[in-house]
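Residue numbers (full-length UniProt numbering), protein chains in the order written: chain A, 1 to 201; chain B, 1 to 201.
Quick reminder that beta carbons are idealized off the backbone N, C-alpha and C, glycines included.
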DNA sequence: ATGGTTCTGGACCGCACGGTCAACATATGC
DNA sequence: GCATATGTTGACCGTGCGGTCCAGAACCAT
């Protein structure tokens, strides 16, 4: 009944994510988005609305993916909860010195810093995502406690919030390009402090 | 021998700090800066150079002040090291729900998120500031260990990096407007995990 | 008072911004 | 194959951007 779209919406969103992720919201121009997505202004506006709306779509998608990825990683069937928690922190450390040049921090962290104070939608998405992460961590802590890898007398919720803070802090330190050893220390100390039994299960 | 300046440089820098702090670098226009500082473009450029240079001045000043404030607070003569560490975390929690509306996060955190990946000067300043904070924390941890408030077998440096990560993480959660209880949990769990003896000394 | 020197204010510049729109292309339903 | 409906393209718009510049103001030394 009408002309169909020539582009794949998911593909375009992925490109836009990349662009916003690299430059931030304010520093990304419509021309940048046109260049990276390959779409004209008209198509961009017709499909997603203005820059702000497109960004929100991008951020929502990123948060959904991030939460899903974490859920998959943490709630996965393989290995023990303790090992999965440890692996999560290891990955965070590895991200600090991954590949080359200045490491690119989490889009959510950058967006929250840039926009949460002035944009209620961004703030709400950030809160919801952090809350989800906290829930996942709490479940994993409880699982580790059941397995005897974390002392049973610890408050699981409080511990989860502690781990969440350390993770977000590591992210912030990564943004600044801090030495990997600092991240390593923070991760090791956090896991030890939580009472996680050292090494192989 | 020549016309003196009509404005107080420190006062202008304070105004500019306020403006960049509220809006971020990219979202602050020269007109904004002219409005908040009261200076004309000519004066602004004559005294500080372009927007980028002014921002660097502002950030450097902010970091110096922050480090000095922390040094004063942490190395102060009053009370015990343990109490001073605890107070530091309490203040971080209090900042989350201070006054009204969305809390304004640390300028360094916002700047790092926005610019560190693309601006080496900002990244360097962030690294240096975080390293300074880590040093201060380490000294305080050692002092607390000497006083018997933190177990002597803990690695002071690793513990300091852990506390640094928690502090920066709390900052990130504050940016998002997370509930104070989350911050409270993170702070309590961190201090407990560090082995800091509970409450009054 | 005068000359030398710096500071100030704002007019001005070229540019790129976010956003709109109308002419045209391309699909479907009949 | 024509009517209809949507997608696409890029020219176009007004605005505000960061930055320059210069005419005049203000001060000091003499």
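Span of the alpha helix (DSSP H), counted from its first residue to its last, around residue 115 of chain B
Taking the second chain and counting its residues from 1, the one referred to as residue 115 of chain B is at position 115. Here the alpha helix (DSSP H) through residue 115 of chain B covers 107-115.
If distances are taken between C-alpha atoms only, which option among B/42, B/61 and B/138 comes closest to residue 10 of chain B?
The residue labelled residue 10 of chain B in the question sits at position 10 within the second chain. Among B/42, B/61 and B/138, the Cα nearest to that of residue 10 of chain B belongs to B/61.
Closest Cα partner of residue 95 of chain B within the set B/134, B/142 and B/181:
Translated into positions along the second chain, residue 95 of chain B becomes position 95. Looking at the Cα atoms, B/181 is the closest of the given residues.
Kindly provide the ranges of any alpha helix (DSSP H) runs that are 4 or more residues long and lie completely inside the UniProt domain "HTH tetR-type" (6-66) of chain A, ordered along the chain.
9-23, 30-37 and 41-48
Does any residue of chain A have a CB that is nearer than 8 Å to the CB of residue 110 of chain B?
In the second chain, the residue the question calls residue 110 of chain B occupies position 110. Yes, because at least one Cβ of chain A sits closer than 8 Å to the Cβ of residue 110 of chain B.
Under a CB-based cut-off of 8 Å, is residue 201 of chain A close to chain B?
Position 201 of the first chain, counted from the first residue, corresponds to residue 201 of chain A. Unreliable positioning characterises residue 201 of chain A in this predicted model, as indicated by a pLDDT of 41, which lies under 50. The coordinate reading is nonetheless provided below. No, its Cβ sits nowhere closer than 8 Å to a Cβ of chain B.
Only counting the same chain, and skipping five residues up and downstream in sequence, which positions put a Cβ closer than 8 Å to that of residue 124 of chain A?
Mapped onto the first chain, residue 124 of chain A falls at position 124. Nothing listed; no residue qualifies.
Thinking residue 16 of chain A and residue 54 of chain A are a contact (beta carbons under 8 Å), I'd like their distance in whole angstroms, please.
Residue mapping note: residue 16 of chain A aligns to position 16 of the first chain, counting from 1. Residue mapping note: residue 54 of chain A aligns to position 54 of the first chain, counting from 1. About 6 Å; that satisfies the 8 Å criterion.
Determine whether the Cβ of residue 114 of chain B lies closer than 8 Å to any Cβ atom of chain A.
Taking the first residue of the second chain as position 1, residue 114 of chain B is located at position 114. Judged by the 8 Å Cβ criterion, residue 114 of chain B is in contact with chain A.
Secondary structure of residue 79 of chain B, DSSP reduced to three states
Taking the second chain and counting its residues from 1, one reaches residue 79 of chain B at position 79. DSSP places residue 79 of chain B in coil when its eight states are reduced to three.
Report yes or no: is there a C-beta of chain B within less than 8 Å of the C-beta of residue 159 of chain A?
Within the first chain, numbered from 1, the residue matching residue 159 of chain A stands at position 159. Interface residue, yes.
What residue range does the alpha helix (DSSP H) around residue 197 of chain A cover?
On the first chain, position 197 is the one that residue 197 of chain A refers to. That residue, residue 197 of chain A, is in no alpha helix (DSSP H); it is neither H nor E in DSSP.
Beta-carbon within less than 8 Å of residue 32 of chain B's beta-carbon, same chain only, minus the 5 sequence neighbours each way: which residues are those?
On the second chain, residue 32 of chain B is found 32 positions in, with the first residue counted as 1. Closer than 8 Å at Cβ, skipping near neighbours: 19 and 23.
Can you name the residues of chain B whose CB is closer than 8 Å to the CB of residue 151 of chain A?
Indexing the first chain from 1 puts residue 151 of chain A at position 151. By Cβ distance, chain B contributes nothing, its closest Cβ being about 11 Å from residue 151 of chain A, past 8 Å.
Along chain A, which residues have their Cβ under 7 Å away from the Cβ of residue 27 of chain B?
Locating residue 27 of chain B in the second chain gives position 27, counting from the first residue. In chain order: 26.
With DSSP as the reference, label residue 85 of chain A as helix, strand or coil.
Taking the first residue of the first chain as 1, we reach residue 85 of chain A at position 85. Correct three-state label for residue 85 of chain A: helix.
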